[in-house]
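Those sequence lines, one after another, are chains A and B. Just so you know, we're using the working numbering here: the first sequence kicks off at 1062 and counts up by one. Just so you know, we're using the working numbering here: the second sequence kicks off at 109 and counts up by one.
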Amino acid sequence: MIATALTFAFACFGLALLLNLWRVVRAPGVSDRVLALDTMVVNVIALLVLYGIQQGTAVYFEAAVLIAMVGFVSTVAYAKFMLRGDIVE
Amino acid sequence: MVWDLLITGFLVLAGVFGFVGSFGLVKLPDPMTRLHAPTKATTLGVGGVLIASMLFFATKQGHISAHELLITLFLFLTAPVSAHFLAKANLHGDRPEGLPQPEGSEWATFSPGTDTAAEALAETGDAPPLTPPEGRDH
């Protein structure tokens, strides 16, 4: 039962990742692309944790934490670039 | 058996929320509503996955790990911050047409002429000159 639910969740987050990729390629504005990249990071975290459940190891949590941190910093950097035209002034 | 049902429920809930968040990112009409969809729904989706993971490792493997709590805490702290930054960028940059005007004042973004604190700093001479970044028209 858990295996089936895992497959379902994998499919959902994979589809969500594809939708985000579509949004990165085709977006009406720059902020939409940045938002899509941010959402991609969140979906990848979910996929990593799901893979950790499937394999039964806790190794992937470290990777998830690292991706969460790098994703947050990159989103803030992109937003700062959009706001001011520069990152470090 | 009960734990299996609970884990399955959380996994399905998380999958549905994660998909709905990204679908809203594609489907919703204007930038501010598009900002709403992933920041709300996807953090709930990841929250569901992390709760399922905690229950799974606690019941099946017999060890309780705090990594999930760490990820949850970090995501729930950073998601509003990045959403606020993106909302600021939306307000400041290519402003959407249908954006309602706040009563009595302008939206709280930096703009020369209305930012009196920055002008006061510029008069004393210890602040950079009040030129907006290139490519902006206000």
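Just so it is clear, CB atoms sit at the ideal spot from N, CA and C, and this is done for glycine as well.
Residue i versus residue j - alpha carbon distance
i	j	result
A:G1075	A:V1110	13 Å
B:T150	A:S1135	18 Å
B:L183	A:C1073	20 Å
A:R1145	A:W1083	27 Å
B:L194	A:A1066	33 Å
B:V120	A:E1123	24 Å
A:M1062	B:K135	32 Å
A:V1105	A:L1078	8 Å
A:V1086	A:D1093	10 Å
A:I1148	A:V1137	9 Å
B:N198	B:F165	41 Å
B:P65	B:T147	Absent from the structure is residue 65 of chain B, since the part of chain B shown begins at 109 and ends at 246.
Below-8 Å beta-carbon distance, residue i vs any chain A residue
i	result
B:I159	no
B:G126	yes
B:T141	no
B:A166	no
B:K148	no
B:L178	yes
B:L183	yes
B:G123	yes
B:V110	no
B:Q169	yes
B:L152	no
Proximity test, Cβ basis, 8 Å: residue i and chain B
i	result
A:R1094	no
A:I1114	yes
A:L1111	yes
A:V1149	no
A:V1105	no
Distance between beta carbons of residue j and residue i, contact taken as under 8 Å
i	j	result
A:L1080	B:L178	So it is not a contact: roughly 28 Å between Cβ atoms.
B:G123	A:A1070	4 Å
B:G156	B:F125	6 Å
B:L163	B:W111	6 Å
- Message: To be precise: take each residue of the stretch 1069-1090 of chain A, compare its Cβ to all Cβ atoms of chain B, and keep it if any distance is under 7 Å. Which residues remain?
- Response: F1069, A1070, C1073, F1074, L1076, A1077, L1080, N1081, W1083, R1084 and G1090
- Task: Report the residues of the stretch 1119-1144 of chain A with a CB closer than 8 Å to any CB of chain B, ordered along the chain.
- Result: Per Cβ criterion, the list reads A1119, F1122, E1123, A1125, V1126, A1129, M1130, F1133, T1136, V1137, A1140, K1141, M1143 and L1144.
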